[in-house]
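Numbering (this note's numbering), first residue to last: 3 to 460. For each residue, glycine too, the CB sits at the ideal point set by N, CA and C.
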């Protein structure tokens, strides 16, 4: 009967805890009561089984704790019965109780799919307290394991859609979705570079994009202003190919380059690494507008990401087979950033040099020669440029404490493998280095080493 009661309350209790409860304390009290009920049922079942296995008056000794005569008079002459009758069977009985409790817990979890952690998460999100919700959503955005990411995505997806949630909680859920999507996309890119075509990250990302992107695109049209930029970021993070027009429309609809909407739309173009956006970004970089340092760094980061995508996509393609629009866009970008690397302010020259490392066009060599010998190039020590967005996402360009000329040498090494012009330039430049320019000598020899050429000494 007790086992029947346990079975009867299990389903409704699991449903209540997962979908209705609004208090973690209430959950704990319910689970505590359920645990006592399971323990009682397990004890009664253990007693019934014990009656079949254990001889004599074991119940009185184990259950009631009475001191009873070890054996009946009729069994006194049987040494085996006498020995068995003297045992208390307490350990065996306890083991039976533990087994029945374990079976009950196993059946509960398998039958209901109940997870204490999931119950806590869903109950917290139904509660009225905002701070615990924000903490939980932040934790979900940091999940990286294959057995945790799907559940985290399911919960986060339900939160941003829930109009009863406070706006700050929905914003946090979108930010967390973007963080997980960003991780999945980066993981897929890394696996692809290593020649691996399948991974759990790729499968999860594909499913996430299919279920999430259409809803986000629809929501973007009517989203509250405080959520619009976050929606844009998530669409970029999950690499939704159908959102490019949406990003470009936001750039036009919000021309103020300091606005969250404009900056996030620009960031999304880079995060998504959509090759089709390369001409649009090239046009932005060459539009002649004066930009502050933050916006310049953001646009440079986007340009680098798309130039990286361009090189990866066309690395095994003959130049004549590359679409003219794409070739022209890539050239416009490296020529623009080459000019900045030679004549811009110190910080911008550093940023432009990082972008040029992704150009890998042999025609870039003359631009890099000029930037290397430009006035003041030898005195510039670069930091890293930080790119931030409304979501709190941070990207960086370059390494801290690196010389500008070192960045230019790195770019030259990438564009000039097998190119005799660069080798001759480096050797000729070394022949005219003054004695007090040891650093220049070191950098040029470093370039020769990267090209597989012998160093020049003396």
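Residue 1 - DSSP class collapsed to helix/strand/coil: Shown here, the chain extends from 3 to 460; a query on residue 1 therefore has no answer.
Pairwise C-alpha distance: residue 330 and residue 214: Approximately 34 Å between the Cα atoms of the pair.
Residue 446 burial status per 10 Å Cβ neighbour count (16 or more: buried): With 16 or more other Cβ atoms inside 10 Å of its own Cβ, residue 446 counts as buried.
As assigned by DSSP and simplified to three states, the class of residue 389: Here residue 389 sits in strand by DSSP.
Residue 449 (DSSP reduced to helix, strand or coil): Of the three classes helix, strand and coil, the one that applies to residue 449 here is helix, per DSSP.
Residues bridged to residue 93 [DSSP beta-bridge criterion]: Checking the DSSP bridge columns, you'll see residue 93 has no partner listed.
According to DSSP, residues forming a beta bridge with residue 142: None; residue 142 has no bridge partner.
DSSP state of residue 423 mapped onto helix, strand, coil: Assigned with DSSP and collapsed to three states, residue 423 falls in helix.
Cβ-based burial, residue 147 [other Cβ within 10 Å; buried from 16]: Exposed.
Residue 34 to residue 401 span [Cα, whole Å]: The alpha-carbon atoms of residue 34 and residue 401 are separated by roughly 55 Å.
Coarse secondary structure for residue 147, derived from DSSP in three states: In the three-state reduction of the DSSP assignment, residue 147 falls in the coil class, being assigned neither a helical nor a strand state.
Cβ-heavy atom distance, residue 250 to the ligand MN, below 7 Å: No copy of the ligand MN occurs in the structure displayed, which carries no ligand at all.
Three-pair Cβ contact test at 8 Å for the segment 310-329 versus the segment 289-297: Taking a cut-off of 8 Å for Cβ pairs, the segment 310-329 and the segment 289-297 do not touch, as fewer than three such pairs fall below it.
Beta-bridge pairing of residue 2 - partner residues as DSSP gives them: As shown, the chain starts at 3 and ends at 460. That puts residue 2 outside it, with no answer to give.
Nearest-angstrom Cα separation, counted from residue 248 out to residue 255: Our two residues, residue 255 and residue 248, have alpha carbons roughly 10 Å apart in a direct line.
Bridge partners - residue 51, DSSP secondary structure assignment: Residue 51 is not bridged to any residue.
Start and end residues, beta strand (DSSP E) containing residue 396: Looking at the DSSP string, the run of the beta strand (DSSP E) that includes residue 396 is 396-399.
Opposing strand residues paired with residue 1 [DSSP bridges]: Nothing in the structure corresponds to residue 1, since the chain is present only between 3 and 460.
Proximal residues to residue 455 (C-beta, below 7 Å), its chain only, five neighbours per side dropped: Excluding positions up to five away in sequence, the list reads 425.
Residue 411 classed as buried or exposed, judged by whether at least 16 other C-beta atoms fall within 10 angstroms: Counting C-beta atoms within 10 angstroms of its own C-beta, residue 411 has 16 or more neighbours from the protein chains shown and is therefore classed as buried.
Close-in-space but distant-in-sequence residues of the same chain around residue 152 (CB under 7 Å, 5 per side omitted): So the list reads 206, once near-sequence residues are dropped.
Per-residue burial, residue 272 [other beta carbons within 10 Å of its own, 16 or more giving buried]: The residue is buried, with at least 16 neighbouring Cβ atoms inside 10 Å.
Alpha-carbon spacing of residue 39 relative to residue 160, whole angstroms: Cα to Cα, residue 39 sits roughly 33 Å from residue 160.
Assigned secondary structure, residue 324 (DSSP; H/G/I helix, E/B strand, else coil): Coil at residue 324, not helix or strand.
Simplified DSSP state of residue 454, which is helix, strand or coil: Coil, per DSSP.
Touch test, the segment 250-269 against the segment 346-360, Cβ-Cβ under 8 Å, three pairs minimum: The answer is no - the segment 346-360 does not touch the segment 250-269, with fewer than three Cβ pairs under 8 Å.
Helix, strand or coil at residue 434 according to DSSP, with G and I counted as helix: In the three-state reduction of the DSSP assignment, residue 434 falls in the coil class, being assigned neither a helical nor a strand state.
Residue interval of the alpha helix (DSSP H) (run including residue 312): First-last of the alpha helix (DSSP H) with residue 312: 295-316.
Assigned exposure category for residue 307 - 16 Cβ within 10 Å defines buried: By the 10 Å Cβ count, residue 307 comes out buried.
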